[in-house]
Structure formats: structure tokens, C-alpha cells
Amino acid sequence: MSGEEHIRVVDLTMAYGDFVIQRDLNFTIERGDVFIIMGGSGCGKSTLLKHLIGLKSPRKGEIWFDGIDFWKAPPQEREALKRRFGVLFQSGALWSSMTLQENVALPLGEYTDLSEREVNEIASLKLALVGLAGFEQFYPAEISGGMRKRASLARAIALDPEVLFFDEPSAGLDPISSRRLDELILEIRDSLGATIVVVTHELASIFTIGNNSVFLDNESRTIIAQGDPKMLRDNAENIKVRAFLNRGEP
Amino acid sequence: MKPNNRENQLNASHPKEQPPWKLALSLLGDTTLQVELSGNWRMRDRLPPADEVRRRLEKPAQINRVIFKSERISAWDSGLINFLRNVTRLCNDRNIEVDDSGLPEGARRLLKLAFAVPEQATGRHVEPPSVLRYVGQVALDLIRGAPAMIRFVGEVTLSVGRLLRGKAQYRRSDLALTIQETGPQALPIVSLISFLVGLILAYMGAVQLAQFGAQIYIADLVGIGMAREIGALMTGIILAGRTGAAFAAQLGTMQVNEEIDAYRTLGISPVDFLVLPRMLALILMAPLLTLYASLVGMVAGMLVAVLAFNVDLNEYYQQTLSALTMQHFLVGLSKGAVYGILIAVAGCLRGMQCGRSASAVGEATTSAVVTAIVFIVVSASLMTVMYQKLGI
């Protein structure tokens with residue numbers, strides 16, 4: 006989107022044991038992109054996300070962030086890179102024994118030298134940004150699924166990350182909450198200038214927020230299309246991609 | 041409007057190290073306060089609180105508008121937004137108009153977002169810890185918990201009734217699996233603990249008895265001790281930590297995943313389907329493990345007597361046979377059965393009462409073990425007194 010490369014994936018092969026999930030993945034994400042990773046169920050979208058956020062190491066290939074080869078970087082540099090990411094997990098993954106305020110405050114307390122007052126104020130600000138002002142002292146089990154997603158987003162943006170990863174952000178949300186979350190994602194991208202990477206198969210979200218994408222195929226086990234999702238919907242050469250994006254039969 | 045000469049530059053308060061930010065407050069005319077921000081306004085820059093702005097707003101000047109000037113901000117992040125949010129709140133509390141047009145575009149959008157949803161009056165605030173409140177809360181929780189326990193025991197009793205009438209809904213394969221997990225799989229740990237406890241019991245007794253040349257009575261001490269009390273007690277404590285905790289964690293996790301609700305919606309009683317097989321398995325296995333533990337403890341005692349205190353093996357065996365009666369074993373087995381019931385009740389009760397979070401599962405498990413051990417120790421004392429009074 007900005008023309009400036011932010012994340013580059015080179016010849017990435019992902020596997021569980023002997024089972025290859027996806028092979029020879031190559032794509033570039035530009036700074037400020039809302040990049041969609043899409044594909045049918047079980048094609049390896051979430052696995053790709055886990056590779057991008059450093060939870061799984063590639064079988065083969067490279068993942069570059071700002072010119073740093075993530076898996077070849079020394080562990081300390083890798084940890085420092087991870088602090089520039091924010092991740093919204095599919096189920097929210099809020100720490101259940103902590104209040105929402107404590108969930109958001111934890112990364113601030115661990116990785117900044119802010120005073121306790123500042124940590125609490127900024128945690129409260131992040132919760133306000135996602136529309137949860139007043140819910141600081143609630144535990145995750147006491148709020149709805151949509152609120153948990155938003156609280157998780159507040160935690161993901163706690164350290165003003167440069168890259169935000171979302172795993173199925175709309176999963177389990179009603180259409181209105183889902184649309185609001187999409188708007189929030191775009192607002193955060195525009196105001197914080199973050200790069201956004203989203204794993205989803207929700208078509209409405211894909212077309213609303215995405216400006217670039219890859220389509221993972223679970224038969225050929227590689228990328229079969231990449232580009233602006235709206236362009237792919239109308240012009241993709243691969244019939245499977247067009248069918249997916251138009252809710253049709255291949 | 042021109043800034044007047046009452047400019048106040050806050051960074052002068054850091055004489056040693058020049059901070060990367062600069063905050064200047066100035067009055068434009070009589071009613072407008074200009075907040076000028078320059079330099080770096082990032083979380084890492086030790087930013088100022090909004091106190092100086094508050095003090096200026098509290099001065100008798102009739103300020104009814106606050107504007108911002110930020111052309112000279114070089115870098116900012118949430119630290120700036122936090123400062124601006126605090127200033128905006130101060131103004132909102134005093135009905136002072138905030139004009140954010142002088143702020144960077146991104147900051148304006150974030151500030152708008154922060155106030156887009158008004159703060160909900162949830163009534164939830166951090167309250168200062170108070171011992172009195174804590175004690176009161178614990179007492180209330182105990183009182184509230186009692187009916188739940190009675191209800192659970194009632195439900196289990198009804199479920200046993202259905203079982204006896206052949207109407208309980210449960211899977212025999214679940215019962216077999218639970219028996220396998222509860223009994224045979226516990227043998228290694230029961231063997232180890234009982235052997236060591238038997239060994240300790242024999243050694244402690246033998247040191248005293250040897251002073252009178254009465255080492256042969258190690259057989260009576262270990263035999264009766266293991267058969268009546270220690271075998272059952274050690275088995276009970278092992279099962280509380282191993283099986284009771286597992287029951288609470290399994291049922292607690294099922295509660296979190298709404299699996300128990302799924303049984304209810306199908307019209308299947310979770311007590312029949314989940315609690316009953318676990319209780320049956322423990323009631324069947326606890327006496328058997330108790331018997332096994334007693335025998336292992338006796339073998340350990342025999343080894344101590346024979347190897348360390350020169351007691352003849354055959355003599356020891358005969359002495360054990362003469363000391364022990366079936367009554368001793370029945371007392372031990374009855375205790376084992378009671379402990380089994382108590383551990384199953386504690387584990388299943390805490391699991392079924394579990395909240396809907398990962399931490400609740402941990403609390404349920406801890407509570408199950410503590411409850412089971414308390415139940416075991418209290419019932420052990422009561423039964424020992426009772427059997428003594430009855431002359432059993």
C-alpha cells in the first residue's frame with residue numbers, strides 16, 4: 006500500500022512431521038497493508054499465521070521483517086521483533102485469571118518503563134479505544150464473546166505494534182459486531198499506521214478491509230492466487246478462487 | 041489571538057536531563073487556553089501527567105476553550121493519546137470546549153475513538169483490600185456453598201437410586217475406563233508410598249522395641265497399623281491428590297467447554313452420566329487399593345525386621361498371622377470405601393461447581409484436593425473413635 010516492503014515470505018514450506026501443509030509460499034506485505042490470508046477450511050491459514058508470529062518454525066524458507074530474517078536472527082533480536090507484533094487470537098486468548106485492565110497492562114508493565122499510574126492509564130485508554138471503558142475490572146468470563154474479542158484487540162495494541170495479526174477476527178461474532186470490528190481494524194491501521202495481517206474466510210470482511218491477499222489451496226498445497234481480493238473476485242484466473250470469492254461452486 | 045507572555049514551559053522541571061518533549065501552556069485572550077506540544081511524545085519518553093493543565097484550568101481565569109498546537113511534534117504514540125485523553129476528560133468535567141483541530145490527524149482519530157463509546161457505569165471499581173470484608177466474604181461463600189453441597193449429595197443419592205432400579209443413563213465403557221484409570225493405573229504410586237510408609241513405621245517401632253528385645257512385635261505394629269489405619273489413610277490421600285484432582289479438572293474443563301450444558305440439553309443427567317461412573321469406580325477401587333497398600337506396607341515392615349533387626353522370616357510371618365484378624369482388614373476396607381466416596385464427592389462436586397474459565401478449573405482442582413483431604417482426616421478421626429467405642 007505504501008510501496009515499502011514490511012514483511013517478505015520466501016519459499017516457505019510448512020509441515021507437521023512428514024505432512025506438508027503448504028509449500029513454496031512467496032509473497033510480500035507492504036507497510037500499511039491490510040493483508041488477507043484466505044483459503045478453504047484446513048488449508049493451513051492459521052498455521053501460516055503461527056509461522057509469521059514466530060510460534061512455529063518453517064520446514065524450509067525465510068520470513069523477513071524489515072530486512073531481518075526472523076528465523077536466522079539471534080534469539081534476543083527475535084524476541085525484540087516479537088514485541089513489535091500484536092496478535093488477536095481466534096478465541097481472544099485473554100488470561101482468565103486477570104481482569105481486562107490487568108490483561109492489557111501486563112505487556113506494558115513488562116516491556117516499558119512506565120510508572121504504575123501510566124500503565125493503568127494507558128491500559129484504560131486501550132480499552133476505551135475498543136469501546137470497553139468502564140469494564141476495566143471485569144474478568145474475561147464475565148463479558149460477552151464480542152467484548153472478549155475487543156478486549157483482546159486492546160491487549161494486542163497495548164504496545165502500539167507495527168504489525169497486527171488477526172486470526173479469524175469475525176469468528177463467533179454477529180454481523181453488526183463483525184462490521185464494527187472491521188471498522189475498528191481499519192481505524193487502528195489508519196491512526197497507528199500499523200500493517201495488518203488477517204486470517205479469515207469471511208467474505209464481507211475480506212472485501213471491506215483487505216487491499217492485498219493470498220489464497221492458499223488445500224489440494225495443490227500452495228498459493229494459487231494473490232492480489233487485491235476485489236480484483237481476484239472479478240478477474241482471478243483460477244476458477245476455485247473465483248468460486249470461493251463469489252460463494253459459488255467451483 | 042496571540043500568545044501572551046504567561047507561557048509556562050514544563051520541561052524546565054527536569055534540569056538534569058532535557059526531556060525529548062516540550063509542553064507549553066498559554067492563554068489566548070481571556071478565555072482560550074492553548075496547549076502547545078512539541079518534540080517526542082512517546083510512551084518511552086517519560087511524559088508529563090495532565091496535572092499542569094488541570095492547575096491552569098483551576099485558576100480563576102474564565103477558560104471556556106482549549107486548543108492544541110502540535111506542528112512541532114516529531115514522534116508520538118499512545119503516550120500522547122493518553123495525555124490528550126486526560127486533558128479532554130478534565131475539560132469535559134468542567135464543561136470546557138476542546139478544539140482538537142490542531143492535533144495530528146491520527147491522534148485526532150484515536151482520541152475520537154477513545155470517546156466514541158461513553159464509559160459504562162458498571163459499578164465495578166477496585167476496592168481497597170479490607171480484612172473484615174475478606175472474612176465476611178469467605179463466611180458468606182461458605183454459607184452459600186452449603187446448600188449447593190447438600191443439593192449435590194441429594195442429586196447423587198437420586199442417581200444411585202436410578203442406578204439400583206437400572207434406569208441410570210451412563211456408559212459402561214466409561215465406567216470401565218474410569219476403573220482402569222482409578223485402580224490399576226494408581227498401583228505404581230500406591231506401591232511406592234505404601235512401601236515407604238511401611239518401612240518408616242517398622243523402623244520407628246523397631247528402634248523402640250529393640251530396646252526391650254521385642255523386635256518380633258514389629259509384625260503386630262506394622263500389620264495392625266497398616267491394615268486398620270495407615271493403608272486406608274495413605275490410599276485416601278494418594279487418591280485425593282491423583283484421582284480427586286483429575287475428576288475436578290475433567291468436569292471443570294467440561295463445564296468451561298459447555299459439554300455439561302450439552303448433556304443437559306439432551307435431557308441426560310450429568311450426574312448420572314459423569315458423576316456416577318466416577319463414584320462407582322472409586323467406591324470399587326478404593327477398598328481394593330487399601331488392601332493392596334496394607335499388604336505392601338506389611339512386606340516393607342517384614343524386610344526391615346528381617347534385614348535390619350535379625351527377626352526370623354517365618355517367625356515374623358507367624359506373628360503377623362496371629363496378630364491380624366479379619367476384623368482388622370474389614371475396618372481398613374470400610375475406611376477405604378468411605379474415603380473413596382468422600383474423594384469422589386469432593387472431586388465431582390468441585391468439578392461440577394467450576395466456573396467458566398481456565399483459572400476456575402485450577403481453583404476447582406485445588407479445592408477438590410483440599411476438601412477431600414479435610415473430609416478424609418475428619419472421617420478417619422470419627423471412625424477411629426467410633427470403632428474404639430464399639431470395640432471393633
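Protein chains in written order, with my numbering: chain A, 6 to 255; chain B, 41 to 432. Where a beta carbon is used, it is the ideal one built from N, C-alpha and C, also for glycine.
- Of the candidates ILE278(B), LEU249(B), THR197(B), THR197(B) places its Cα closest to the Cα of ALA208(B).
- Contacts with chain B at 8 Å (Cβ-Cβ) include ILE127(A).
- Along the length of the segment 99 to 125 of chain A, whole alpha helix (DSSP H) runs at least 4 residues long occupy 105 to 116, reported in chain order.
- Around the beta carbon of ILE183(B), fewer than 16 other beta carbons lie within 10 angstroms, which makes this residue exposed.
- Any Cβ of chain A closer than 8 Å to the Cβ of THR405(B) would place that residue at the interface, and such an atom is absent.
- Cβ-Cβ distances below 7 Å link ALA146(A) to SER101 in the same chain, with the five nearest sequence neighbours on each side left out; the list follows chain order.
- When the five nearest sequence neighbours on each side are left out, the beta carbons in the same chain lying within less than 8 Å of the beta carbon of ILE229(B) are those of ILE278, ARG282, in order along the chain.
- Counted as a single uninterrupted DSSP element, the beta strand (DSSP E) harbouring TYR21(A) occupies residues 10 to 21.
- MET83, ARG84: these are the residues of the segment 67 to 87 of chain B whose beta carbon lies less than 7 Å from some beta carbon of chain A, given in chain order.
- GLY263(B) and THR360(B) have their alpha carbons spaced roughly 6 Å apart.
- Residue pairing of GLY44(A) in beta bridges, as defined by DSSP: LEU221(A).
- For ALA288(B), same chain residues with a beta-carbon under 6 Å away, outside a window of 5 residues either side, are GLY387, ARG390, GLY391, ALA404, THR405, ALA408 in chain order.
- In this structure, ARG94(B) is the residue among ARG86(B), ARG84(B), ARG94(B) with its C-alpha nearest to the C-alpha of VAL75(B).
- Below the 7 Å Cβ cutoff, chain B contributes GLU159, GLN160, ALA161, THR162 as neighbours of GLY139(A), in chain order.
- From the listed residues GLY380(B), ILE190(B), PHE192(B), the smallest Cα separation to ILE413(B) is found for GLY380(B).
- Fewer than three Cβ pairs drawn from the segment 150 to 157 of chain B and the segment 150 to 168 of chain A lie within less than 8 Å of each other, which leaves the two stretches out of contact.
- Contacts with chain B at 8 Å (Cβ-Cβ) do not include GLN95(A).
- Of all alpha-carbon atoms in ALA128(A), ILE193(A), ASN216(A), the one lying nearest the alpha-carbon of PHE40(A) is that of ASN216(A).
- Neighbours of THR117(A) in chain B, taken as residues whose beta carbon is under 7 Å from its own, are MET83, ARG84 in chain order.
- With contacts defined by Cβ atoms closer than 8 Å, ILE383(B) and GLY276(B) form a contacting pair.
- Under the three-state reduction of DSSP output, GLN81(A) falls in the helix class.
- Neighbours of ALA154(B) in chain A, taken as residues at a C-beta separation under 7 Å, are given in chain order as LEU130, ALA133, LEU134.
- For secondary structure counted as the beta strand (DSSP E) over 3 or more consecutive residues, the segment 170 to 219 of chain A holds these complete runs in sequence order: 200 to 204.
- Annotated three-state conformation of ALA404(B) is helix, per DSSP.
- Looking at the DSSP output, ILE34(A) shares a beta bridge with ILE12(A).
- LEU328(B) and VAL385(B) have their C-alpha atoms some 19 Å from each other.
- Contact check for ALA159(A) and VAL135(A): beta-carbon distance about 5 Å, within the 8 Å limit, so the pair qualifies.
- By the C-beta criterion, the segment 136 to 143 of chain B is judged to be in contact with the segment 101 to 119 of chain B, since at least 3 inter-stretch pairs fall below 8 Å.
- Taken in chain order, the members of the segment 115 to 134 of chain B whose beta-carbon sits within less than 8 Å of a beta-carbon on chain A are ASP117, SER118, GLY119, ILE121, ASN122, ARG125, ASN126.
- In this structure, DSSP gives THR71(B) a state outside helix and strand, which the three-state scheme calls coil.
- By the rule that beta-carbons nearer than 8 Å mark a contact, ASP165(A) touches chain B.
- Under DSSP, GLY79(B) takes part in a beta bridge, and its partners are TRP61(B), ILE113(B).
- Closest in alpha carbon position to LEU17(A), among GLY8(A), LYS61(A), GLU35(A), is LYS61(A).
- Residues of chain A whose Cβ lies closer than 7 Å to the Cβ of ALA302(B) do not exist, since the nearest Cβ in that chain is about 17 Å away.
- The Cβ atoms of PHE32(A) and GLN231(A) sit closer than 8 Å to each other.
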